[in-house]
Amino acid sequence: MFIAANWKMNLNKKQIQEYIVHLENFQFNDRVKACIFPSFIFIDYLSSLILDKSISLGSQNCHFETNGAFTGDISPYSLKQYGCEYVILGHSERREQYNENNNFIKKCAHSAIDAGLMPIICVGESIEIRNSGNAINFIKSQIDECLPENCKDIYIAYEPMWSIGTGIMPNNNEIEEIHSLIKNEAVKKNIDTIKVLYGGSVKPDNAEKIMSIDNVDGTLIGGASLNVKDFLAIYVAAVKQLNVIS
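So for the sequence shown, the numbering used here puts the first residue at 6; every next one is plus one.
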């Protein structure tokens with residue numbers, strides 16, 4: 006299981022320090038990986054705070070170029086130097102607000118892999134596409150156009166755009182259908198290892214249920230990850246689910 010905390014543009018330096026203090030005596034499980042994705046400016050600071058903890062570090066985005074005239078962007082190689090292991094690409098907010106298309110995301114994924122980062126590529130449909138009955142074809146197109154060639158390992162996050170921050174959830178069958186679809190499409194591209202996370206209104210009271218669904222390999226958490234108690238409750242739910250499977 007993989008539990009990803011996407012802090013987005015939240016938490017200041019003091020709040021981050023207080024957050025990590027609450028993790029001091031928490032016992033992480035070797036079978037459930039936790040990763041935090043802070044704002045760019047706090048990557049180095051957070052890295053120094055979690056050196057002796059079982060927490061990985063990630064970035065919320067990266068550019069596809071190593072360097073150059075790209076004001077406000079950041080190279081995946083720079084992220085790697087500061088201890089990042091993962092990078093989120095194609096988040097619905099980036100797609101909507103910054104017009105990042107599938108081709109851009111694919112190029113970023115190639116560059117991230119070259120830099121030694123594991124991409125977490127986000128896919129998901131709008132409520133209009135869901136209601137039109139075209140969600141399956143839409144997700145297939147995103148996967149086909151976003152996944153890099155000659156990739157052996159990849160993480161994909163299914164985040165229905167209509168569920169993010171709304172409290173509205175797809176039902177178990179809908180989540181399982183899309184997660185199975187994603188894995189099947191990845192197999193067609195000769196990817197050896199594919200992990201599919203669910204993102205969209207994940208909270209402590211629904212996390213265990215979500216992670217009990219077939220082909221759900223973890224969660225991408227937004228708002229709930231800002232509260233350390235909620236984040237740890239979701240992490241514990243993942244551990245419980247693994248114990249059930251065992």
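Using N, Cα and C, we set each Cβ at its ideal position, and we do this for glycine too.
Predicted, not measured: the structure shown is a model, and the values here were computed from it.
- With a cut-off of 8 Å on Cβ pairs, the stretch 196-205 is in contact with the stretch 217-226, counting three or more such pairs.
- In the three-state scheme derived from DSSP, where H, G and I count as helix and E and B as strand, residue 192 is classed as helix.
- Looking at the DSSP output, residue 82 sits in no beta bridge, so it has no partner there.
- Of all C-beta pairs linking the stretch 95-105 to the stretch 50-60, fewer than three are shorter than 8 Å, placing the two stretches out of contact.
- Judged by pairs of C-beta atoms under 8 Å, the stretch 236-244 does not touch the stretch 192-199, as fewer than three such pairs exist.
- Across the structure, residue 42 and residue 162 are spaced so that their CA atoms are roughly 14 Å apart.
- DSSP lists 64, 124 as the beta-bridge partner residues of residue 92.
- Taken through DSSP and simplified to helix, strand or coil, residue 77 comes out as coil.
- Nearest in C-alpha terms to residue 77, of all of 153, 37, 45, is 45.
- With at least 16 other beta carbons inside 10 angstroms of its own, residue 116 counts as buried.
- Nearest C-alpha to residue 215 among 189, 184, 190: 184.
- Beta bridge pairing from DSSP links residue 204 with 225.
- For secondary structure counted as the beta strand (DSSP E) over 3 or more consecutive residues, the stretch 118-192 holds these complete runs in sequence order: 123-128, 158-163.
- In the three-state reduction of the DSSP assignment, residue 69 falls in the coil class.
- In this structure, residue 89 lies away from residue 114, with their beta-carbon atoms at least 9 Å apart.
- Following the DSSP letters along the chain, one finds residue 38 inside the beta strand (DSSP E) bounded by residues 38-42.
- The criterion of a C-beta distance shorter than 9 Å is satisfied by residue 141 and residue 182.
- By the C-beta density criterion, residue 220 is buried, having at least 16 other C-beta atoms within 10 angstroms.
- A distance below 6 Å between beta-carbons, with the five flanking residues on each side excluded, links residue 54 to the following residues of its chain, in chain order: 25.
- In the three-state reduction of the DSSP assignment, residue 218 falls in the coil class.
- For residue 8, the enclosing beta strand (DSSP E) starts and ends at 7-11.
- In the DSSP assignment, residue 199 forms a beta bridge with 159.
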